[in-house]
Amino acid sequence: MNNDIVGEGGEIIKSALAGIETISLSTHNNPTSSAANLAIPVSNYSEKYGSIVNFEGHLQRFEKAFDSFQLEDSLAVPEWELFANLIKEFDSSRQYFDIEDVWSEIRANVREFSGLSYYDIGDMGINIPNKVKAEQEVPV
């Protein structure tokens, strides 16, 4: 998702992908989306709500600045909506209507995120390793 592996990896990656069916989820047309059997446009970070954990374990959220559906020819949707629709096709009991529904699933399945809401992240983010350390018992 959103990585141009063909553009960054050159002919080696392009050759490796040539023999397999591929789907590209990308914000822009690039060599990877051009090489894919199916290219699906997705919203960029300014068009959706979401979060990211950086290499230092710092969790940050980002919020939608504008709705891409306001653009006349936009077909892009947030990745979580694509996956929510796909999951619903296989299991109608699991439905996600907004970002907090996705976070409920994350909280239930990822220990480091237990007890966190998307809205708890705040404007400055949260350091996940510190949260984990704070929850661990310290022998006295």
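If you're matching positions, the sequence shown starts at 22 in the numbering used here and goes up one per residue. Just so you know, even glycine gets a beta-carbon here, dropped at the ideal spot from N, CA and C.
Just curious, the beta strand (DSSP E) that residue i is in, first and last residue?
{"i": "R115", "result": "Segment: none, R115 is in no beta strand (DSSP E) and carries neither H nor E."}
{"i": "I142", "result": "Here I142 belongs to no beta strand (DSSP E), and DSSP marks it neither H nor E."}
Under the DSSP definition of a beta bridge, which residues are partnered with residue i?
{"i": "H79", "result": "N148"}
{"i": "V98", "result": "V63"}
Does the beta-carbon distance from residue i to residue j come in below 9 Å?
{"i": "Y140", "j": "E121", "result": "yes"}
{"i": "S45", "j": "A57", "result": "yes"}
{"i": "V63", "j": "P99", "result": "yes"}
{"i": "A97", "j": "E68", "result": "yes"}
The alpha helix (DSSP H) that contains residue i, what's its start and end?
{"i": "S45", "result": "Careful: S45 lies outside any alpha helix (DSSP H), inside the beta strand (DSSP E) at I44 to S47."}
{"i": "V27", "result": "I26 to A39"}
{"i": "A55", "result": "In the sequence on display, residue 55 carries Ser and not Ala. Element bounds for S55: P52 to A56."}
What did DSSP end up calling residue i once you bin it into helix, strand or coil?
{"i": "S72", "result": "strand"}
{"i": "V63", "result": "strand"}
{"i": "V123", "result": "helix"}
{"i": "F87", "result": "coil"}
{"i": "P160", "result": "In this prediction, P160 scores a pLDDT of 44, lower than 50, which makes its location untrustworthy; the coordinate-derived value is nonetheless stated afterwards. P160 falls in the coil class under three-state DSSP."}
{"i": "V153", "result": "Confidence at V153 is low in this model, with a pLDDT of 48, below 50, so the placement of that residue should be treated as unreliable; the coordinate-derived value is given next. Helix, per DSSP."}
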